Every structure is written in C-alpha cells, then in structure tokens.
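Chains as they are written, first to last, in the working numbering: chain E, 1 to 348; chain G, 1 to 428; chain P, 1 to 75; chain L, 1 to 135.
Backbone N, C-alpha and C define an ideal beta-carbon position, used for all residues, glycine too.
The model shown is predicted, which means the values in this text are computed figures rather than measured ones.
What follows is a set of notes on a single structure, which appears directly below.
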C-alpha cells in the first residue's frame, strides 16, 4: 500500500458543520474525507490515507493540551509514515491547530509532517519552523494547487527523498541553513555575481544577511510636561505575590497593575517574575526595573504631565515573538483608550 | 607583468631510483626527497607516503598542501622570502606539476588540523582527494615549542615542493596559460570602457597557527598593499595557518587562487581586472580599523568600480569582512563577499558573528558545522586519534571501528572562502 | 513588543541593558541602562546616589521621547 | 596622555607573563566579566572572538580592555554581546583527552597567549600603557 498517511482536518472540511460545530471534539474516521480525497487522488497508489482526524477549531484552540494529547494518541495508533494537516488557507484557528498538531507529532512521534496555509495565517509565523508548510492562497479557491504541492512533499518525505529548496517545493522557509553542491565553484559564482552587479542586474545572494522588520519612529511628544506617560516592562515586574502567576519565562500572558496611590516600590509591594536573571536586586527595590518613584515625583513637580495609573508587565525571556506581538497589540489598545501619549518600555 | 604557466599533467606518482617526470608519471627518489625535506637540525625524523585518488586512504592531520612548481625563466623563484630571495616574482615562465601535491602532516600542537580522504563521502568535500599526494610526515626533536614546530613543518613542505617541482624544469609542458596585468595606468587604458575590478584578498593573521606570509613577511605586520595577481602563482603568499581546516587557504590554494583565475577568465571581456589588495585580519580593533581604512583607500585610489572581498577563517574575521564591505561601499564601490558559515550543527543559528545591510551580494562556502560521517579507510597516514581533538572533532568522533563523525570544519578545504569548491548553503 | 506598540502610534523609548537586542527588536529610541538585574539602579550605590542615577536615566528617556528621530537612535 | 589598558583572562600562561585581571571560570565567565566592564564604561581593544579555535573547543580567553571616554561604548557592547551569542551557539564538546589533557590544555593556552601577545604588541605603547588592575 506504499506510504501510510494520517490526515487532520477541521469540522468544516470534515463535513460536520460550520462555526456552530466548531466545538466538535476530536474524532478519528477510517479512510479519507473532504480534501483528503484530492490528496488520495494525487498520491495514486504510492500512498494511502489510512484515516482522517476531524476536530472543531474552537475545541482545539480552547483545549489545546487535551486536544493535542487525544489527537497524538489517535495518530500513534495508526503509526503512519507521514502526517498531513490542512491545508488551512486563511482560517486562523484552523491554521494554529494544524501547526500545533504538526509540531506535537514531529516532536513526540518523530514522524515527518506537512501542512499548508496562507502566509498571513497566524499559524504560519507560529509553526513554520516546526513543519513543512506549503504556502497557499488565502482562500480554498487554491485548493487544487495546494493539495498537489502537499501531496508531492508528503511523498518525498515518506520515501525519504531529499527535500528541495523552499522555492522549489513551495514550502515556507524554516530558516535552517543546509549545504548543497553547486554547478560552479564559489569563485566563479562570485565573479558571475560581480558581473551581474556591475550590469545592475538583480542578484540573488547566497547568504542573506539578517535584516529586521522595522517600524518608522513615531512622532515625538511635543512637551513631556503635558504628556501622559505609561510604563511597560518585559522585565517581569509584578505586585508582591505575582497575583496573575506570570511565568518566569515563556510568558503566556501579561499583567496590568495599578500604581495609583503608590509613590515608591518596595519589597512589600513589588517583585519580579522574571526567571532569566538574578532577582535579588529587583526584589529589593522594583524601581530598579520600572522607575515608578522617579516618575511619580516628576508627575508631582510637573516635569511630566501625568503618569498612567497602570503599568503593563510581561517576561521577555523566552516569550515567543507571536505572544509578545499579541500582548503588545492588546496593551496598545488599552493605552489608546487611556489617552496615553508616550511609553517608557524597560527591559532587563 | 606577464607570467606563462606551463602545466605538466601528472597521471601517477611512484617511488623510483631517479626523480623525474616520464610520460606524465612522477617518479620520486625517496631517499633524496627525504634528505632534502628533512634538512633541518630541528627535525628528528621524516617519512613519506603516497596517496592517490580513489584509494581507501585517509590523511590526518593535514597541515599544509603545496603544489610542486619551478621557475624556468624570469626573476626570482618559487616561495620568495622562504626558498629564494625576495626578488619580485610573477613574471617569466613557471612550470607546474599539475595534479601532484605535497601534503604535510605532523602533530603541530595537540589538536591540529585537517582530514583528507582519498575516496568515500569525505573525498567529495576536499580538493586534495583529486591530487596525487606525496605525504610528508615530520617529527621534530624533543623540546621544540609549538610555534617553532609549526615553522619546521611548514618549511619542510616548501623544500619538498621545490625539490619535486624541479623535476618539471626540463619537461615540455602539456599546455601553457598566460596571465598578464600591466602597470596601473597602462592597464586602465587597455580597456578604458570596461568597469574596473580589484580583488580584496583577506589573510588570516592573528598569531600562532593563525598566520599567513607575503614574500616571507608575517602578514599581520603589513599595511594593506598591492599585488600583481600573477605574483601569487609563484608562491608569494603562503600559509602558516592551521587551525580551521575547512576554511583556511592552504598554500596550494594561494598558488592556484580561484578568485584570481576566475577574474582573469573574464578580464578584458566583462571588466578590467586591475589587481589585488592584500590585507590582514588582526586581533586588535585598532588594527582592524586601520587595515580596513587602508584597504578602502587603496581600492578607491586604484580606481575600482567593484571588488570581490574574500574572508579567511570565521568569528572575528567576520568583523574585518564587514568593515571592509562597509568602508568600500561607502566610497561608492560595489562589493561581492565570499565567506562561509557557522550556523550550528542544525543550521538554525546565526551564520556570522557580524553583519551589515550593505552586504547584499554574498557567496558562501557552506555551513562548516554540518556533520559528516567518514567511513573506515584501509590505510590511515598520520595519527587517527587526533580526530577527537582537531577543530570540528569532538570526543566520540573516532569510533572503535575507525570511522569518524566530525563537523565539515575538520575537512581540509571543505568550505573554502576563496571559492575553491562547489559547496554552498541555502535557507531551507 | 516595542515595535508593536510603536506601530500603534506611540513614541516608545526602550530602556534596556543589551543594546544590540534592542536594535534587533526594532526599537527606535534606545537608552542603554546599567545592568541586566538592575537596569535602572545600582545596588553598589547609596540610596540617594542610586535614585539620582535613575533620575538621570529617566530624564534622558523623556528627552528622547521629545526628540524627532528618523532611524534607530541610541541616546 | 597614554591610556591605561588591562587584560582580562582565565589563562595561567598570560598571568605569568602580564599583569592581568584573573577570572576563575570558563570562556563565558570571561565574556560576562568583560560585558560588566563595558557597562561600566571600559572599551574593548582586542576582538573577543580572536582565533579560529571555536568557543568551547577552547575555554581559554584573554581580552584587552582600556579606559573609555566616560559614556558606555556602544561598539564594545555590540562586540561582546555578539561574542556571547556566538559562544552560546556552539556545542560544548566533552573534552577529556586522558593522558594528553595537560599537553593539549597547554596548547590551547599557548594559542590564546600568542593571539593576546599579537594584540598587545599591536597596541602601540606610545598610546597605551598596560597596567595591573583589580576590579
């Protein structure tokens, strides 16, 4: 029967129903369902989808740990050669589910995984390092093309063939550098690149130097004496006792804490949740992480307009880019509502 | 300056009573060879072995590789400053025993340096699996310090190269290649309409086992200077560098400089190749700033429109590469860089210790941290146990059956930063 | 985090010890601080001197918030 | 006025030859101390990643620092931070060479010593004066 495959899809593609059925718990059925039919057609007799797992998107995202555990068990029973999830196109929760399941399967079961989604699907950024992720269109209109690429890659993975470059296979780059042999020796490639550069032609560098996403600097505040300032910190400052149980690393949440009526941080009213550095100094005096004492004095003396009554805190250490993006977006919304003018962000 | 290279293609090498080239076969008088190579009172013993392409032979640790050459017409000799005076080389006629190589081995210090496999997967990564190798093993007398030990082995290799090269003096070469670079103004006028190109030739020069010599001068002591490209073909630049086998340039590679050869190949057609600026990679930041300033100034002064800059080594030389790139770009001169990568065994780490947004045209020799398994070989020349201590090796590298698991870093020439090989890397 | 808040239109001054990381995460106004465990203090100083040090850093930060910048700037 | 410079090292060979600030510990201990000193306003004069022996293949490291201009030197900070990142990316091989331990350790120390010597000699003594510090 060739390569054995298990396929994961959501309640919609599983024919269970739409948003109203999004809380559908994981179920394993034998054989193919929905897009699996297209995959099976593409495989011909080279591979067989032995079973399909269907799970509601809300169910998965609201019960990630439980759902992942159950799904892993279902896959383990099948002992497939390759696991496929999706494609999820632009469906956010579906994309996250596909990514999360792929990550779990590849890490705990050590089975090669393929999924597919639109590049702006939040699941893409979160999990493209953990799975071969075919880049799809943003809607199911691109299903045929997506299935063809997913199937081709799955066959290669299942038969242990070498996987080509992201451009060649259509998956999103995972950021891993791998050696290849070129047609020409390096010196010739360099001279050819030089000629292209001299002619003003487009060149493709073999090693893209790291570049970083930039945001244009915001306009400065005109006069801090009139401005409302807010404090945000990734150094994990929290009220004594860490009421929200912010994790010491890989934080999954941020805290919002009132400093109304507090003029100075002391061992009695503040500490750090950060696990990445020696906490003694911050626990002795949290002003060493967020300068509440100084800003309160400045507020009184009129050196700043006012200080926002809340500070926002998370732990930068090990926190995923995506989580911190998410936190920042929520914090920004809050700041906007509170008419804050500028932000002091401290990090340790 | 014009240099005619006469290639005598070597198809085999064997021991014989007389050292000579006959019908493409290099015959070697072992005793004479050893007497010349071992002619240093600091040497206790020398030995010689032959290793041919396709054989199940491993040479470890390889220190340097040298090509046998001989000057048959013109000024100076081969390896100026070491094996002859310091007359300017790079003109006249030089004969080359193409396909033959002297490979030196010895325990310079505890952990040095490369592996050359004559067959199997490792052979794909080193250029010296394709040459007929005369392997020279050198043991110094007791009580020799590390830096002297390095020098003893280095010089023994050069003497061996000169001795073998002389066998080609009266042989008619199979073909000739002529390379010419004229004095600057004449050279510019020869192709006034073509863009002008200079090669910025960075040399590893940080200290013990990290040195390179130009006309016998320790290059860490030079201020960047100009070389006619043909000078390197006569051994003006040689290696005293033996820490990172994959990305140091053995003397053989300097003598067959791939960037210079490829630039000559398009010289007069796509651009006007004016020559080389040699510069160093030093330890202090002041030296780095000074050398990169001088390099950028020289390149501008010569009138280059574009340059190729090649690095040697990794880590702090990444800073020199970036400084050279930034300062030369700032003068409005286009750059192409050649480097290699240390992206970790999984390829997921940052490849270089420094970077610059203007470094937008980079050729890479590959990720030196990638792991390779080298199978058992029938013959091992040298000291297999050093597999665990050479750069790129680790404890457990040498299995009990004699197979070796190492990073590519341990393979001589694997990730050449002058583009001698075909290896590269891509983002997956 | 810095970037996302700035993207929402707020000028953000990033007070941090590891400037290269700050540059990497895309902060535009950067104030280098004292040390990782105590960015805005120094336990080796007296309480008065320590507060003075913190005041100086905060003043620098406020100044940065008032300063127009066109690229990443370390104040 | 010559600037005062000093060596931070965990290499005994260096300590025997030069006045230096001794670090007991591995490569990262040296890097972290240097970072602290940069935070305090000293500048780095020799590249922390000197040599082609990868971090953790050798743990011996000597770095020359000097008095700064008062403000923290941003370029020095970047150098040492990059060095710390680089050190973290290389695996820590188990290095026990049995009977060869001392000889090989000595080789690694000699290499570091040589690179340092190159650096110290490269820093013209008309500009810099090497001193013993106790920080």
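For residue 261(E), the number of other beta carbons within 10 angstroms of its own is below 16, and it is reported as exposed. The beta carbon of residue 118(L) falls within 9 Å of a beta carbon belonging to chain G, placing the residue at that interface. Judged by DSSP in its simplified three-state form, residue 310(E) adopts strand.
A straight-line Cα-Cα distance of about 8 Å links residue 8(E) and residue 83(E). Just so you know, the alpha carbons of residue 264(E) and residue 292(E) end up roughly 6 Å apart. In this chain, the alpha helix (DSSP H) harbouring residue 113(L) covers 101–122. A Cβ-Cβ separation of about 5 Å places residue 128(L) in contact with residue 3(L) under the 8 Å criterion.
Taking a Cβ-Cβ threshold of 9 Å, the residues of chain P close to residue 36(L) are 35, in chain order.
For the alpha helix (DSSP H) assignment, the segment 325–394 of chain G encloses no uninterrupted run of at least 4 residues. By alpha-carbon distance to residue 192(G), the top candidate from 55(G), 10(G), 270(G) is 270(G).
Cβ neighbours of residue 279(E) within its own chain (closer than 7 Å, five residues either side excluded): 272. Taking a Cβ-Cβ cut-off of 7 Å, residue 398(G) has no neighbours in chain L, whose nearest Cβ is about 12 Å from it.
Following the DSSP letters along the chain, one finds residue 88(G) in no alpha helix (DSSP H), marked with neither H nor E. In the three-state DSSP reduction, residue 133(E) falls in the strand class (E or B).
Bounds of any alpha helix (DSSP H) do not take in residue 27(P), whose DSSP letter is neither H nor E. The shortest CA-to-CA distance from residue 55(G) to any of 413(G), 377(G), 276(G) is the one to 377(G). Within chain G, no C-beta atom comes nearer than 9 Å to that of residue 10(L); the closest sits roughly 17 Å away.
The beta carbon of residue 75(P) does not come within 9 Å of any beta carbon belonging to chain E, so the residue lies off that interface. From the beta-carbon of residue 13(P), the residues of chain E found nearer than 8 Å are 342, 343, 344, 345.
Taking 9 Å as the cut-off, the beta carbon of residue 51(G) is found no closer than this to the beta carbon of residue 96(G). If you draw a straight line from the Cα of residue 105(G) to the Cα of residue 131(G), it is about 16 Å long. Within 7 Å of the CB of residue 87(L), no CB atom of chain G is found; the nearest one sits about 10 Å away. Judged by DSSP in its simplified three-state form, residue 300(E) adopts helix. Three or more Cβ pairs closer than 8 Å define a contact, and the segment 37–47 of chain G meets that threshold against the segment 144–158 of chain G. For the pair residue 360(G) and residue 13(G), the Cα-to-Cα distance works out to about 45 Å.
For residue 174(G), the three-state secondary structure derived from DSSP is coil.
For the segment 12–32 of chain E, the beta-carbon criterion of a distance under 8 Å to any beta-carbon of chain P is satisfied by none of its residues. In this structure, DSSP gives residue 425(G) an extended state, which the three-state scheme calls strand. Following the DSSP letters along the chain, one finds residue 181(E) inside the beta strand (DSSP E) bounded by residues 177–181. Using a Cβ distance threshold of 9 Å, residue 212(G) and residue 298(G) do not count as a contacting pair.
When C-alpha distances from residue 15(G) are compared across 6(G), 7(G), 25(G), 9(G), the shortest belongs to 25(G).
Restricting attention to 15(E), 168(E), 50(E), 111(E), the CA atom closest to the CA of residue 2(E) is found in 50(E). Interface criterion met: the Cβ of residue 420(G) is under 9 Å from a Cβ in chain E.
Of 230(G), 331(G), 167(G), the smallest CA-CA separation from residue 32(G) is found for 167(G).
In the three-state reduction of the DSSP assignment, residue 117(E) falls in the strand class. From the listed residues 138(E), 72(E), 122(E), the smallest Cα separation to residue 107(E) is found for 72(E).
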